[in-house]
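Here the structure is laid out as C-alpha cells; the discussion comes afterwards.
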Amino acid sequence: MKQIKILLTGAAFAADLHADAYSRMRDKAKIVAIADKAADRIEKLANTYGFTDFKAFDDYKKAIMETDCDVVDICLPNFLHHDAAVTALSQGRDVICEKPLATTVEDAYDIINTAEKYGRRVYYAEDWLGSPALRKAREIIDSGAIGDLTFVRARECHCGSHSPFAQKIKYCGGGCMVHLGVHPVGFMLALKNNKWKELVALTSGGGENNLIHRGMEGEDWAGALMRFEDGTTAVLEANYVTSGGMEDVIDFYGTKGCLHTDLTFSSALKGFSIPGFDYTVEKAEVTTGWANPAVDEKYNLGYVSEIGHFLDCIANQKDADVGLRGIDGYETLKVINLIYKSAREGIKIINNGLEAK
Ligand SMILES: NC(=O)c1ccc[n+]([C@@H]2O[C@H](COP(=O)([O-])OP(=O)(O)OC[C@H]3O[C@@H](n4cnc5c(N)ncnc54)[C@H](O)[C@@H]3O)[C@@H](O)[C@H]2O)c1
237 MKQIKILLTG
247 AAFAADLHAD
257 AYSRMRDKAK
267 IVAIADKAAD
277 RIEKLANTYG
287 FTDFKAFDDY
297 KKAIMETDCD
307 VVDICLPNFL
317 HHDAAVTALS
327 QGRDVICEKP
337 LATTVEDAYD
347 IINTAEKYGR
357 RVYYAEDWLG
367 SPALRKAREI
377 IDSGAIGDLT
387 FVRARECHCG
397 SHSPFAQKIK
407 YCGGGCMVHL
417 GVHPVGFMLA
427 LKNNKWKELV
437 ALTSGGGENN
447 LIHRGMEGED
457 WAGALMRFED
467 GTTAVLEANY
477 VTSGGMEDVI
487 DFYGTKGCLH
497 TDLTFSSALK
507 GFSIPGFDYT
517 VEKAEVTTGW
527 ANPAVDEKYN
537 LGYVSEIGHF
547 LDCIANQKDA
557 DVGLRGIDGY
567 ETLKVINLIY
577 KSAREGIKII
587 NNGLEAK
C-alpha cells in the first residue's frame, strides 16, 4: 500500500490525537506538512511523534496551496473548518475534518457540495465510532445478545474547553452541545443511519443563565430526548459542569439485556498517589489521591481506529462508514442546531420539516 501524504493543519490538542494515530501507521501515512500559526506547537508535535522531513507553514491556506498531498487533515478551530475544507477540496484534495464539520449548517452543506463538485471526499472525524468498546457494543447489539435495542443514554461531559475559541458562538457554533454533544448525537445518528423522527431539548441558555460558566456565550449544560424511526429512544447529554475528568458514558438497553460502557474511567489500572500521577484522564483537574490512570487513552477513545479507517478509505478511494462521512457531519450539525431551536423556542421538532408544540 502506498503511503498517504498528509497535510496536518493545526498542531494543538486535536492534531496531537491524530498525530498519535499517524505515528502508529507509518507504513500507511506520511506527514508531508504541518501548518500552525504557532511554530513551537509544530516543533513540539514533530518531536513527540518523531516526524521529520516535513514542511512547516504558519498559515493553513498557504500550506494547502503549496503542498503536494493526498489529504488535508483539519484540526483547526471550528470557524476555520469551512474555509480550510473548501480550499482543500477545490485544490483536488480529500479532507479529514474534526468535529463539528462547520459552525453553521449552511457552511457544512457547502463543504459536502464542494466535495461533490470536485469529486473529492470528506471524512468526518467522529472518534466514538472508532472506540473499541463502542465497536464491540455494536457487535454485541447486532448479535441479538441484548434483544432489540429500545433505549440509549449517552453523554460526554467535562469541566470546560481549554480553547479560547470555545467562548464565542461565532468561533465555534454553540456551547457544550456542539463541542461535546456532537459525539453522542453523531454516534446515535450513525447507529440509526440518520433516521430520526422527533426531538425535544433543554439547555442552560448561555451567558448569565449558565450553571457555572457565565462568561461563555454558549450553554454549559444541554440535554436532548430523541426518538428514531424504528422506535428506539435516546437521552443525549453534554455539559461543562463535570469535575474530576471527562465522562464518556453510554448505556444501551434492549428487550433481553443491557450494556454499559465507560470510555474514560474503565482503566485496568487503579491507584493512589500522594504527590499525584503525571496524568490520569483527560480534563482531570487534579491527579492526587485515588485515580484510574488511563491505559492508552487515545486508542480507547477511538482516534487510532478512526484514522486507520480513513487511510484505508483514501487508499481505496471509497467513502467512510456511516457516521464518518462528510454527510454525517452535516446531519449531526443539523440535529444539534435543531436541539438549540427546540430549547430556545420550547418546541418539539418533528423530522419532516414541521414543528409541533
Ligand atoms: N474529536 C475530539 O475529541 C476533539 C478533541 C479536541 C478538539 N477537537 C476539535 O479539533 C479542532 C481543533 O481544536 P484544538 O483544541 O486542537 O485547538 P484550537 O481550537 O485551540 O486551535 C488549533 C490550532 O489552530 C491554530 N491556528 C489558528 N489559526 C490558524 C491559521 N490561520 N493557520 C494555521 N493554524 C492556525 C492555532 O494556533 C492552534 O494551535 C476543533 O474543531 C475541535 O472541536 C476534537
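Going letter by letter, the sequence shown gives residues 237 to 593 in our numbering.
Backbone N, C-alpha and C fix where the C-beta goes; we use that ideal spot for every residue, glycine too.
message = For residue 496 and residue 488, what's the separation of their Cα atoms in angstroms?
response = When rounded, the distance between both Cα atoms is 6 Å.
request  = Output yes or no for whether 8 Å exceeds the beta carbon distance between residue 630 and residue 311.
outcome  = The chain is shown from 237 up to 593; residue 630 falls before or after that span and cannot be answered.
key: residue 544 versus residue 356 - alpha carbon distance   = When rounded, the distance between both Cα atoms is 19 Å.
inquiry  = Please list the terminal residues of the continuous alpha helix (DSSP H) segment that includes residue 374.
reply    = Here the alpha helix (DSSP H) through residue 374 covers 368-379.
message = Measuring straight from C-alpha to C-alpha, what distance separates residue 521 and residue 534?
response = Cα atoms of residue 521 and residue 534: separation of roughly 19 Å, rounded to the nearest angstrom.
request  = Give the DSSP-derived three-state secondary structure of residue 429 in the structure shown.
outcome  = Here residue 429 sits in coil by DSSP.
inquiry  = Could you check whether the Cβ of residue 313 sits closer than 7 Å to any heavy atom belonging to ligand 1?
reply    = With a cut-off of 7 Å, the C-beta of residue 313 is classified as near ligand 1, since at least one heavy atom of the ligand falls inside that distance.
inquiry  = What does the alpha-carbon distance come out to for the pair residue 467 and residue 337?
reply    = The alpha-carbon atoms of residue 467 and residue 337 are separated by roughly 28 Å.
inquiry  = Pop quiz: residue 244 and residue 303 are said to be a contact at Cβ under 8 Å. What is the actual Cβ separation, rounded to whole angstroms?
reply    = The beta-carbon separation of residue 244 and residue 303, rounded to 10 Å, does not stay under the 8 Å limit for a contact.
key: beta-carbon residue 384 near ligand 1 non-hydrogen atom, thresh 7 Å   = no
key: Inside the segment 275-309 only - beta strand (DSSP E) runs reaching at least 3 residues   = 291-293
ask   = When the distance is taken between beta carbons, is residue 412 closer than 8 Å to residue 366?
value = no
key: Between the CA atoms of residue 342 and residue 394 - distance to the nearest angstrom   = Their Cα atoms are separated by approximately 29 Å.
task = Leaving aside the five residues before and after residue 318 along the sequence, list all residues of the same chain whose C-beta is less than 7 Å from its C-beta, in chain order.
result = Cβ neighbours of residue 318 beyond the five flanking positions: 338, 343, 346, 347.
inquiry  = residue 363 and residue 217 - do their beta-carbons sit closer together than 8 Å?
reply    = Lying before the first or after the last residue shown, residue 217 is absent from the chain, which here runs from 237 to 593.
message = Suppose contacts are defined by Cβ-Cβ distances below 8 Å. Is residue 420 in contact with residue 392 by that definition?
response = yes
Simplified DSSP state of residue 487, which is helix, strand or coil = strand
key: Residues of its chain near residue 579, where Cβ-Cβ distance is below 6 Å and the 5 sequence neighbours each way are ignored   = Within the same chain, Cβ atoms closer than 6 Å to the Cβ of residue 579 are found at 437, 438, 439, the five residues on either side in sequence being excluded.
Boundaries (first-last residue) of the alpha helix (DSSP H) holding residue 571 = Taken as a continuous stretch (DSSP letters only), the alpha helix (DSSP H) holding residue 571 covers 562-581.
request  = Output the boundary residues of the beta strand (DSSP E) element that contains residue 509.
outcome  = Counted as a single uninterrupted DSSP element, the beta strand (DSSP E) harbouring residue 509 occupies residues 507-509.
ask   = If you run the structure through DSSP and keep just helix, strand and coil, what is residue 536?
value = helix
ask   = Buried or exposed: which applies to residue 450, given that a residue is buried once 16 or more other Cβ atoms fall within 10 Å of its Cβ?
value = exposed
request  = Alpha carbon to alpha carbon, how far is residue 456 from residue 562? Give it in angstroms, no decimals.
outcome  = 27 Å
message = Pop quiz: residue 460 and residue 564 are said to be a contact at Cβ under 8 Å. What is the actual Cβ separation, rounded to whole angstroms?
response = Taking a contact as a CB-CB distance under 8 Å, the pair residue 460 and residue 564 does not count as one, their CB atoms being some 17 Å apart.
task = Would you please state the rounded distance, in angstroms, between the beta carbons of residue 469 and residue 387? I believe it to be under 8 Å.
result = 5 Å
inquiry  = Which complete alpha helix (DSSP H) runs does the segment 315-360 hold, if anything under 4 residues is left out?
reply    = 341-354
query = Who are the Cβ neighbours of residue 285 in its own chain at under 6 Å, not counting the five residues just before and after it?
reply = 255, 259
For residue 593, the three-state DSSP class (helix, strand or coil) = With a pLDDT of 44 at residue 593, under the threshold of 50, the modelled position of this residue cannot be trusted; read the value that follows with caution. Here residue 593 sits in coil by DSSP.
request  = Return the first residue and the last residue of the beta strand (DSSP E) that residue 449 is part of.
outcome  = No beta strand (DSSP E) holds residue 449; DSSP gives it neither H nor E.
ask   = Between residue 257 and residue 282, what straight-line distance do the alpha-carbon atoms span, to the nearest angstrom?
value = 13 Å
query = So what does DSSP say about residue 406, is it helix, strand or coil?
reply = helix
Buried versus exposed call for residue 274 [16 or more other C-beta atoms within 10 Å across all chains shown] = exposed
message = Which of the three DSSP states is assigned to residue 585 in this structure?
response = strand
Closest Cα partner of residue 511 within the set 519, 505, 524 = 524
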